[in-house]
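Okay, so here's the structure we're looking at.
There are 2 protein chains.
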Amino acid sequence: MTDAPTLTVLKLGGSLITHKDEPESVDEDSLARAADAVGAFRPDGRSNRLVVVHGGGSFGHHHAAEQGVSSTDGIADAAGLATVHRAMGELNDVVMNAFHERDLAALPVRPLSVAYRDGERLQFPAGAIETMLAEGFVPVAYGDVVAHSGKGGTVLSGDEIVVSLARSLGADRVGLCSTVPGVLDADGDVVSRVDSYGEVERTLGTSDATDVTGGMAGKVRRLLDLEATASVFGLDDLGTFLDTGTAGTVIGGSN
Amino acid sequence: MTDAPTLTVLKLGGSLITHKDEPESVDEDSLARAADAVGAFRPDGRSNRLVVVHGGGSFGHHHAAEQGVSSTDGIADAAGLATVHRAMGELNDVVMNAFHERDLAALPVRPLSVAYRDGERLQFPAGAIETMLAEGFVPVAYGDVVAHSGKGGTVLSGDEIVVSLARSLGADRVGLCSTVPGVLDADGDVVSRVDSYGEVERTLGTSDATDVTGGMAGKVRRLLDLEATASVFGLDDLGTFLDTGTAGTVIGGSN
């Protein structure tokens, strides 16, 4: 712990906190373990600031597929967009309750209200989040639908939110907590560091792990573009990440 | 109807759509009538654009009083703020359903996610709302709690949202639909026009109507400061307002 301003952006994967194959089914055990670790965090508005982002898991993907909306395919049907938004909001309610039960000063941030796509460019004005952070709150955003100029509405993934907020808020540490313990090599072992695109290709390029982990190569590439030090890790390492700032596979980071 | 870009901001009063004395009780009849009138609106992304804002009524005030939070008195308790936010969100869910049942392309905008107070100054970045409007959606915002620098979180009223958005979006028409048919004079008759602060004082200054209408004098003063033509009217005139742009008492308007 240091007195310098430190901001952490933590993603809790949708497949971690929900049962991915059952629509709208929370993985209560994993959520409780994640909330225990995050609930130990003590935000102070300055040297300890945390933004949490969670995925939609089986709450989001199911409804999004049913409504025919994705991050690139938009729909103009407001009731359809509201259905996806509501389902994702219900998962957020469950996450918020788990945090509040552990006395974490969490407040929800619903991307539909604030973010939008201007052409292909994501805009996520962060003034409300910055004010929450300075007041000692932990903003909790999540995968949602957003208005998209020329396309009606499209899906905004938790991963996109993480990258956008890490950049606009100037995060020092980024963590992706998912169902895998890190970036895995061809033998299934956790790679301790990834520092370049070339390493991503060598490690993940043609291995089966690329699909199994839901586009890990793409995630790693986006994390390499950030100034923040990023980590990819599993639930066992969440406490370590929050305490020390790194865990699992450490990715890039120019600071 | 004209082809020029026209933007209307409509407030549905909290006391209109809820039973004010009963906690979390929707006035189903009034809401249905309001939704019928608003549901006839056909947004086109340009010459017919509409933002709806509704009050918290018996969903908001009850919980806000219980948590000890107001627009000036902040609280640092995130769970308390989330309780008020959730109650107001439940009323919004009911309003959204009423709109969707009438095929209005409504999308919710939750102020906690986007607005904040920087000292006493309200900030409400409107990019998401502008994108929704251009895509032919009707954004529906409501009285909520927001992060407030130095105070934790405070209440943001529907009336404040109306004034802020009317200004930042450059609204042409503003309408306040409530339980009274307009600004009333000492005899209880509707005043057709109010053009200056002086008239407000003469009409409302010392009359009982000031209290009965929940601070009508203050509302009128804030509306006089807008460039948009504003109207204060009751449910009977909501259709007329949406069709013609004015109804009940017409207030100021430099355009």
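Sequences listed follow chains Y and P, in order.
Going by our numbering, 1678 is the number at position 223 of the first sequence; the sequence numbering is gapless.
Going by our numbering, 1602 is the number at position 147 of the second sequence; the sequence numbering is gapless.
Glycine included, each C-beta is placed from N, C-alpha and C at the ideal position.
Contact residues within the region 1544–1557 of chain Y, judged by C-beta distance below 7 Å to chain P: Met1551 and His1555
Give the straight-line distance between the Cα atoms of Leu1486/P and Val1595/P, rounded to the nearest whole angstrom. 14 Å
What residue does the beta strand (DSSP E) around Thr1463/Y start on, and which one ends it? Leu1462 to Leu1467
CB contact check: Arg1572/Y to chain P, cutoff 9 Å: yes
According to DSSP, Ser1633/P sits in a beta bridge with which residue or residues? Gly1689/P
Confirm, please, whether the CB-CB distance from Leu1505/Y to Leu1697/Y is below 9 Å. yes
Whole-angstrom distance between Leu1620/Y and Arg1676/Y, CA atom to CA atom: 16 Å
Which same chain residues end up closer than 6 Å to Ala1602/P when comparing Cβ atoms and leaving out the 5 residues on each side of it in sequence? Tyr1571 and Gly1608
Go ahead and pull the three-state DSSP assignment for His1603/P. strand
Is Asp1644/Y helix, strand or coil when you go by DSSP? coil
Meets three-Cβ-pair contact criterion under 8 Å: the region 1487–1505 of chain P and the region 1639–1649 of chain P: no
Would you please verify whether the beta carbon of Thr1418/Y is less than 9 Å from any beta carbon of chain P? Within the shown structure, residues of chain Y are numbered from 1456 to 1710, placing residue 1418/Y beyond reach of any answer.
Looking at chain P, is there any beta carbon in it that lies within less than 9 Å of the beta carbon of Gln1578/Y? yes
Could you name the residues that DSSP lists as bridge partners for Thr1473/Y? Val1481/Y
Just to confirm, are Val1618/Y and Thr1463/Y a CB contact at a threshold of 9 Å? no
Among Thr1695/P, Ala1685/P, Gly1707/P and Ile1616/P, which residue has its Cα nearest to the Cα of Pro1653/P? According to the sequence displayed, residue 1653/P carries Gly and not Pro. The shortest C-alpha separation from Gly1653/P is found at Gly1707/P.
State the DSSP-derived secondary structure class of Leu1505/P, mapped to helix, strand or coil. strand
Range covered by the beta strand (DSSP E) that runs through Pro1563/P: Ala1561 to Pro1563
When you compare the region 1478–1485 of chain Y with the region 1556–1569 of chain Y, are there three or more beta-carbon pairs, one atom per stretch, that lie closer than 8 Å? no
Say whether the region 1682–1690 of chain P touches the region 1622–1637 of chain P, bearing in mind that this needs 3 or more beta-carbon pairs closer than 8 Å, one atom from each stretch. yes
Closer than 7 Å by C-beta to Thr1699/P: which residues in its own chain qualify, once you throw out the five before and the five after it? Chain order, please. none
Leaving out five residues before and five after Arg1497/Y in sequence, what residues of the same chain have Cβ atoms less than 7 Å from its Cβ? Asn1503
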